[in-house]
Amino acid sequence: MSAAKKLNLTLKVWRQKNGNAKGNLETYPLADISPDSSFLEMLDILNNGLIDKGESPVVFDHDCREGICGSCSLYINGEPHGPARLVTTCQLHMRSFKDGETIYIEPFRAKAFPVIKDLMVDRSAFDRIQHAGGYISVNTSGNTQDANSIPIEKEDADEAFYSAACIGCGACVAACKNASASLFVAAKVSQYALLPQGKIEAKDRVLNMVKQAEKEGFGPCSNTGACEVECPKGISIENIARMNREFLSASITK
Amino acid sequence: MSKLDSKVPKGPLKDKWTNYKNNINLVNPANKRNIDVIVVGTGLAGGSAAATLAELGYNVKAFCYQDSPRRAHSIAAQGGINAAKNYQGDGDSTYRLFYDTIKGGDYRSREANVYRLAEVSSNIIDQCVAQGVPFARDYGGLLDNRSFGGVLVSRTFYAKGQTGQQLLLGAYSAMNRQIAKGKIQMFNRHEMLDVVIVDGKARGIIARDLVTGNIERHSAHAVVLGTGGYGNVFFLSTNAMGSNVTAAWKAHKKGAYFANPCYTQIHPTCIPVHGTQQSKLTLMSESLRNDGRIWVPKNLKDAEAVRNGSLKAVNIEEEDRDYYLERRYPSFGNLVPRDVASRAAKERCDAGYGIIANDTNEGVFLDFAAAIQRYGTEEALIKGISNPTQEEITSLGEKVIENKYGNLFDMYKQITDDNPYKTPMRIYPAVHYTMGGLWVDYNLMTNVEGMYAIGEANFSDHGANRLGASALMQGLADGYFVLPYTIGDYLANDIRTGKISTDSPEFVAAEKKATDEINHLINNKGSKTVDYFHKKLGLIMWNKVGMARTTVGLNEAISEIAALREEFYKDVRVPGESNELNQELEKAGRVADFLELGELFARDALEREESCGGHFREEYKTEDGEALRRDAEFAYVSAWEYTGKPSDAILHKEKLDFENVELKTRSYK
Numbered sequence: 000m001s002a003a004k005k006l007n008l009t010l011k012v013w014r015q016k017n018g019n020a021k022g023n024l025e026t027y028p029l030a031d032i033s034p035d036s037s038f039l040e041m042l043d044i045l046n047n048g049l050i051d052k053g054e055s056p057v058v059f060d061h062d063c064r065e066g067i068c069g070s071c072s073l074y075i076n077g078e079p080h081g082p083a084r085l086v087t088t089c090q091l092h093m094r095s096f097k098d099g100e101t102i103y104i105e106p107f108r109a110k111a112f113p114v115i116k117d118l119m120v121d122r123s124a125f126d127r128i129q130h131a132g133g134y135i136s137v138n139t140s141g142n143t144q145d146a147n148s149i150p151i152e153k154e155d156a157d158e159a160f161y162s163a164a165c166i167g168c169g170a171c172v173a174a175c176k177n178a179s180a181s182l183f184v185a186a187k188v189s190q191y192a193l194l195p196q197g198k199i200e201a202k203d204r205v206l207n208m209v210k211q212a213e214k215e216g217f218g219p220c221s222n223t224g225a226c227e228v229e230c231p232k233g234i235s236i237e238n239i240a241r242m243n244r245e246f247l248s249a250s251i252t253k
Numbered sequence: 000m001s002k003l004d005s006k007v008p009k010g011p012l013k014d015k016w017t018n019y020k021n022n023i024n025l026v027n028p029a030n031k032r033n034i035d036v037i038v039v040g041t042g043l044a045g046g047s048a049a050a051t052l053a054e055l056g057y058n059v060k061a062f063c064y065q066d067s068p069r070r071a072h073s074i075a076a077q078g079g080i081n082a083a084k085n086y087q088g089d090g091d092s093t094y095r096l097f098y099d100t101i102k103g104g105d106y107r108s109r110e111a112n113v114y115r116l117a118e119v120s121s122n123i124i125d126q127c128v129a130q131g132v133p134f135a136r137d138y139g140g141l142l143d144n145r146s147f148g149g150v151l152v153s154r155t156f157y158a159k160g161q162t163g164q165q166l167l168l169g170a171y172s173a174m175n176r177q178i179a180k181g182k183i184q185m186f187n188r189h190e191m192l193d194v195v196i197v198d199g200k201a202r203g204i205i206a207r208d209l210v211t212g213n214i215e216r217h218s219a220h221a222v223v224l225g226t227g228g229y230g231n232v233f234f235l236s237t238n239a240m241g242s243n244v245t246a247a248w249k250a251h252k253k254g255a256y257f258a259n260p261c262y263t264q265i266h267p268t269c270i271p272v273h274g275t276q277q278s279k280l281t282l283m284s285e286s287l288r289n290d291g292r293i294w295v296p297k298n299l300k301d302a303e304a305v306r307n308g309s310l311k312a313v314n315i316e317e318e319d320r321d322y323y324l325e326r327r328y329p330s331f332g333n334l335v336p337r338d339v340a341s342r343a344a345k346e347r348c349d350a351g352y353g354i355i356a357n358d359t360n361e362g363v364f365l366d367f368a369a370a371i372q373r374y375g376t377e378e379a380l381i382k383g384i385s386n387p388t389q390e391e392i393t394s395l396g397e398k399v400i401e402n403k404y405g406n407l408f409d410m411y412k413q414i415t416d417d418n419p420y421k422t423p424m425r426i427y428p429a430v431h432y433t434m435g436g437l438w439v440d441y442n443l444m445t446n447v448e449g450m451y452a453i454g455e456a457n458f459s460d461h462g463a464n465r466l467g468a469s470a471l472m473q474g475l476a477d478g479y480f481v482l483p484y485t486i487g488d489y490l491a492n493d494i495r496t497g498k499i500s501t502d503s504p505e506f507v508a509a510e511k512k513a514t515d516e517i518n519h520l521i522n523n524k525g526s527k528t529v530d531y532f533h534k535k536l537g538l539i540m541w542n543k544v545g546m547a548r549t550t551v552g553l554n555e556a557i558s559e560i561a562a563l564r565e566e567f568y569k570d571v572r573v574p575g576e577s578n579e580l581n582q583e584l585e586k587a588g589r590v591a592d593f594l595e596l597g598e599l600f601a602r603d604a605l606e607r608e609e610s611c612g613g614h615f616r617e618e619y620k621t622e623d624g625e626a627l628r629r630d631a632e633f634a635y636v637s638a639w640e641y642t643g644k645p646s647d648a649i650l651h652k653e654k655l656d657f658e659n660v661e662l663k664t665r666s667y668k
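Taken in order, these protein sequences are the chains called A and B.
With numbering that gives the first Met the number 0, the residue at position 202 of the first sequence is 201, and numbering never jumps.
With numbering that gives the first Met the number 0, the residue at position 45 of the second sequence is 44, and numbering never jumps.
The structure is reproduced here in structure tokens:
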């Protein structure tokens, strides 16, 4: 809400007509951007300008614009979700950029995230990993036991919550030199591994989810920690360690 | 007069649902395998319904416009979910939750539906915990609760400020289990464009694959709409960018009555508009009002000084602050219901005490300084620090606040560049939720056979104002515990029907109509963008159909919206083609429907010559500015029948009978 000076920017935006087409970076000058605007509002302005000129607007995924749905992506100046820590692109504000700056905007890149158009990628591989085991097998019955009959140590409940806070955006994959989905898989495995409700299927879960991630073409983890740095929700790589323990023990005993 | 049969079961209120369940038709498991159900929308209502129907054995086809069901906008709900568990032993009960909800809705909801909601609320918490939803717990390992507006008990379960996320991921996990089993066929990036009615029954939908642009026909024995609310008719709202009324509106145009469109919730605590480039608004959870105190300066000159930047909030003395909610409503204080809190903010700002320098001085403070001191002192005691310094207290208190609301404070800081631990938040009301929606009976079926509406998409449970933490409750109640029963009663008649063909003339005609509409938009080649029209519509709605409505303003809105709609069809420009991924085309279709709904919305507000809940008519208020209901004339549900255009819609009335609660003037003083 500051009355700060408007920004003039040069955008280099990845344009790609569809998954099969060849893409390239296009240059767009953009003037008079309020530093209080969000990054996506800046792209809205670019797009309305493009439409006015009869050109096709830049396609990108976005929805809640509150940093929670995980729709938005974008690889901004070489970082998933841009330069600010612990925020998604939709919560990134233009005050993070300087007047006169050139901003490079590319899609999240990974073999398992094929480009659909421009900056939009297909992250359905993440859904398929969840289908492989991201649940506790309980039917809706109305006869489950009373919620307080399963006391859970506060620390475990909190830890499980922090793991469950993953928004499935894919920044971890885009940040990783191996395009590994380990942090994403580990977050779900950890959430359930920390809770008594999840223990019964824990072994199958970790084996199946890890297997599915490999099948989707995500790479292996080599512990560089880039995923943790870029994760907008601050999911810790301790989750990966926990997943590895779970995986090892399941591999031996199953 | 009325064609509306609410189908509320006979008998005492508390036995209705049990008796109903004991007497409905069931479908045997082998027959369920031969029955298809379409569920549109995968938020809390749609997601939980899809999962449960699939568990029961039906073949479910689920649709969402997002790239994954996990991204539906339920995910953004922050504060919590109500349930009458009475874990705190503070006097809660099913009846009390029912009563609070009826009263909170300003006596404009249906008793039997609301009682059932309160009844199943406890099951929701049990179910979610069984699924592994990590609710907040206390040190004994049991579930923690907090308090929300309009009630005097602590019945709200929560997961930090991300309760909606955790509940939705719970429903998503239940869906995943069924997707893996092949019981749910999931259609991501698909938007429903029409519902198909065959022989008077909903038998399928027309959907557009948003990636390829292909128009598809999908058939089923019943169609369930869990497609959310229509707050984006205001352009700026806390809804997701893609949230839309299209599915519900297309259903309306195919015969489903649209109920109480004017009941809209303007949420009191949102981050104010920063300028004309703004695309959406962000909520600051109502849970913050557990600890935050709302105020404006007591003196006009201080307010002016704050606005022009020469005075800071923290430098205003305690006695020069007007904690207007505590002043006006001593018994509920900062935790009055949302409609009351929003109107009170507007009243202060209209009187010149607003603290943000925009056209209407829109903004008030939400202050945590007192809570930080209170918690800090408490923590120092617990930690055994004797004679703590002011800094120690503040730092300890900030930790407590961070633990409770950390993610909300971070979000506020990110958006505004202000530090809310050190300076009060600046907030203002914004459009958040729509209580109106498709008319449904006790079975959650619309007046079109086989077409159901659940969650925010229907009208049934919140009357004229929704209490905090009740939307999540209703979405999951409908999807997990109500619809799976009621739909069986209907589908029991369909066990011999067999597959529904998509080659019938009805499917052909619906597909052609959808294709024609798309082609019209693409070929229009006008001069203005979709956003131009959407913003204009939003301004009309906010200024004339917003927090304070008048006969003059509403009449103006009706003709302005009709004119804008005409201009839209003449002059909108949609770039690109129909057979490709085209986000502008998606937006254009949604805005076209908003331009029709907006007019009906204003008409509904005009016809309702009373004030109730979120609907406030300047002509009908008490001496001290509170809403003035007119029960004798208006204790009914307005259900609108489409007949060709919004101005010709026919009003049907479902009289609301209150057999268990006495209609009183709602007071939170």
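A virtual CB, placed ideally from N, CA and C, is assigned to each residue, including glycine.
Since the model is a prediction, treat every value here as computed from it, not as a measurement.
Nonlocal neighbours in the same chain, by C-beta distance under 8 Å from residue i, ignoring five residues either side
| i | result |
| --- | --- |
| M0 of chain B | Note that M0 of chain B has pLDDT 42, beneath the 50 cutoff, so the model's placement of it is unreliable and the number below is only indicative. Answer for M0 of chain B: H651, K652, listed in chain order. |
| A369 of chain B | R292 |
Best match in the options for proximity to residue i [C-alpha to C-alpha]
| i | options | result |
| --- | --- | --- |
| N122 of chain B | B:D143, B:G552, B:K84, B:R95 | B:K84 |
| D121 of chain A | A:H130, A:L10, A:R94, A:C71 | A:C71 |
| T88 of chain A | A:S189, A:K232, A:P56, A:K253 | A:K232 |
| I50 of chain A | B:A246, B:E609, B:N22, B:V529 | B:V529 |
| S73 of chain B | B:A604, B:T642, B:Y427, B:M472 | B:M472 |
| F600 of chain B | B:R306, B:E640, B:E566 | B:E640 |
| A44 of chain B | B:N58, B:Y57, B:C63 | B:C63 |
| G212 of chain B | B:N406, B:G396, B:M410, B:E585 | B:E585 |
| M266 of chain A | A:G66, A:L42, A:A124 | In this structure chain A extends from 0 to 253, so residue 266 of chain A is not present and cannot be described. |
| P336 of chain B | B:G103, B:K644, B:R572 | B:G103 |
Contacts around residue i, its chain only, beta-carbon distance under 6 Å, and the 5 residues preceding and following it disregarded
| i | result |
| --- | --- |
| S1 of chain A | Only weak support exists for where S1 of chain A lies, its pLDDT of 46 falling under 50; the coordinates are left without a value. |
| D99 of chain B | V150 |
| L25 of chain B | G487 |
Inter-residue CB distance, residue i and residue j (contact presumed, cutoff 8 Å)
| i | j | result |
| --- | --- | --- |
| T226 of chain B | V39 of chain B | 6 Å |
| I204 of chain B | V222 of chain B | 6 Å |
| T664 of chain B | E618 of chain B | Not confirmed; about 17 Å, so no contact. |
| V544 of chain B | L553 of chain B | 7 Å |
| C171 of chain A | E229 of chain A | 7 Å |
Same chain only: Cβ atoms within 7 Å of residue i, ignoring 5 sequence neighbours per side
| i | result |
| --- | --- |
| A356 of chain B | R306, N307 |
| Q126 of chain B | Y479 |
| A30 of chain A | N7 |
| V58 of chain A | K116, D117, L118, M119 |
| E92 of chain B | With the sequence shown as reference, residue 92 of chain B is identified as Ser, and Glu is not the correct amino acid for it. Contacts found: A83, N85. |
| L482 of chain B | A48, V223, L443, Y451, I453 |
| R342 of chain B | M546, F615 |
| P271 of chain B | I355, E361, G362, R425, I426, Y427 |
Residue i: CB within 7 Å of a non-hydrogen atom of the ligand ZN
| i | result |
| --- | --- |
| V120 of chain A | As for the ligand ZN, it is missing from this structure, which has no ligand bound. |
(request) Just list the alpha helix (DSSP H) runs in the region 301-377 of chain B, keeping only unbroken ones of 4 residues or longer that don't cross its boundaries, in chain order. (result) Counting only runs of 4 or more, we get 323-327, 337-349.
(request) Could you tell me which uninterrupted alpha helix (DSSP H) segments, each at least 4 residues in length, are contained entirely in the region 38-65 of chain B, listed from first to last along the chain? (result) 43-55
(message) For the region 293-304 of chain B against the region 337-352 of chain B, do three or more pairs of beta-carbon atoms, one drawn from each stretch, fall closer than 8 Å, so that the two count as touching?
(response) yes
(message) Please give me, in chain order, every unbroken run of the beta strand (DSSP E) with length at least 3 that falls completely inside the region 172-246 of chain B.
(response) 183-186, 189-197, 200-208, 214-218, 221-224
(message) Three or more C-beta pairs under 8 Å: does that hold for the region 124-144 of chain A against the region 152-166 of chain A?
(response) no
(message) When you compare the region 40-56 of chain A with the region 191-203 of chain A, are there three or more beta-carbon pairs, one atom per stretch, that lie closer than 8 Å?
(response) no
(message) Taking contact to mean 3 or more Cβ pairs, one atom from each stretch, closer than 8 Å, check whether the region 240-253 of chain B and the region 411-421 of chain B are in contact.
(response) no
(request) Kindly provide the ranges of any alpha helix (DSSP H) runs that are 4 or more residues long and lie completely inside the region 100-156 of chain A, ordered along the chain. (result) 123-130
(message) Quick check: the region 139-156 of chain A against the region 108-119 of chain A, are at least 3 beta-carbon pairs closer than 8 Å?
(response) no
(request) Mind the definition here: the region 621-636 of chain B touches the region 602-611 of chain B only if three or more C-beta pairs lie below 8 Å; say whether that holds. (result) yes
(message) Going residue by residue through the region 525-555 of chain B, where are the continuous alpha helix (DSSP H) segments of at least 4 residues, counting only ones entirely within it?
(response) Complete alpha helix (DSSP H) runs here, min 4: 529-543.
(request) Could you tell me whether the region 485-504 of chain B touches the region 137-154 of chain B, using the rule of 3 or more Cβ pairs below 8 Å? (result) no
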